[in-house]
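Participant: Numbered according to our numbering, the sequence shown spans residues 782 to 1004.
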Amino acid sequence: MRLGLLIPSSNVVLEPLAVRLQTQTTGLTIHVARLGVLDVQLNTTSRSQFELDAQVAAAKLLCDAKVDRITWGGTSASWLGFAHDEAFVARMEKETGTPTSTCVLDINNRLTNLGVTQLGLVTPYTNDVATQINQNYTEMGFDVVASRNNGGVFSNDFAAIQSSVIAKMVQEVAAAKPDAIVIMCTNVAGAQKASQLESDLGLPILDSATITLACGVDSKDQC
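#1: Chain D beta carbons: is any one of them nearer than 8 Å to that of GLN977?
#2: Within 10 Å of its beta-carbon, does LYS974 have 16 or more other beta-carbons around it, so buried, or fewer, so exposed?
#3: Should THR852 and LEU786 be called a contact, given that it needs their Cβ atoms to be closer than 8 Å?
#4: Based on Cα-Cα distance, which residue from ILE888, LEU982, ASP938 lies nearest to PRO959?
#5: Helix, strand or coil: which one does DSSP assign to ALA948?
#6: Would you mind giving the Cβ-Cβ distance between ALA990 and LEU795, rounded to the nearest angstrom? I have them listed as a contact below 8 Å.
#7: Ordered along the chain, which non-local residues of its own chain (more than five positions away) have a Cβ less than 8 Å from that of VAL946?
#8: Would you mind working out which of ASN917, GLY933, MET873 sits nearest VAL885, comparing C-alpha positions?
#9: Between which two residues does the alpha helix (DSSP H) carrying ILE914 extend?
#10: Exposed or buried, what is SER790 when buried is set at 16 or more other beta-carbons lying within 10 Å of its beta-carbon?
#11: How about GLY922 and ALA957: are their beta carbons less than 8 Å apart?
#12: When DSSP labels each residue in this structure, what does VAL954 get in the three-state scheme?
#13: Do ASP866 and ALA858 have their C-beta atoms within less than 8 Å of each other?
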């Protein structure tokens, strides 16, 4: 299977995880394209990085490699609104015929399959971005019982957050006893700690980068 992975240009976390997965999975090759993304803010300039035409154009380049599936490995829809990813998937599948998914839609599907009602969120973003994410999940029907954010603006800074810091934020959110916790950003070191945290805390920890790859390779039904 050839998986086409579209990632933010500043993301340095997903590719090493993809290489590891590829070496562990017989018959899998992962092919990467990038969309120009440097920061996460709610202003017009920052939001324009995720303009749909540009995102579709970048993803279509993966079709030149005749990939079997395409996934968007960014969490932008968590603050832009889930309809953004739904529109991206619809356009890609209509215009290319290639099955397409996104990190955030796969996270949402996983939350639904797990029967989650009370949700915890961990992000590296600023307060206003984190608040918008919380609001979007509340409007989706979840009770966001706790969240923590690290106040970052630039994607390079997200990747520099120590995994121990991510773990501490997850542990603080877990004190509110959510049904599951999402680490919402594919450019933080959540994958290093997620499995151990799940075991220690006794609840699902959905790391965005891990979900991107697992659900990109798996079928939507299984994810």
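Glycine is no exception: its CB is placed at the ideal position from the N, C-alpha and C atoms. Note that the structure is predicted; figures quoted are calculated from it, not measured.
Facilitator: The answer reads as follows:
#1: Reference to chain D is not applicable here, since this structure consists of a single protein chain.
#2: buried
#3: yes
#4: LEU982
#5: helix
#6: 5 Å
#7: Taking VAL946 as the centre and dropping the five residues before and after it, the same chain places the C-beta of ASN931 closer than 8 Å to its C-beta, in chain order.
#8: ASN917
#9: 908 to 920
#10: Classification of SER790: exposed, given that the 10 Å Cβ count is below 16.
#11: no
#12: helix
#13: yes
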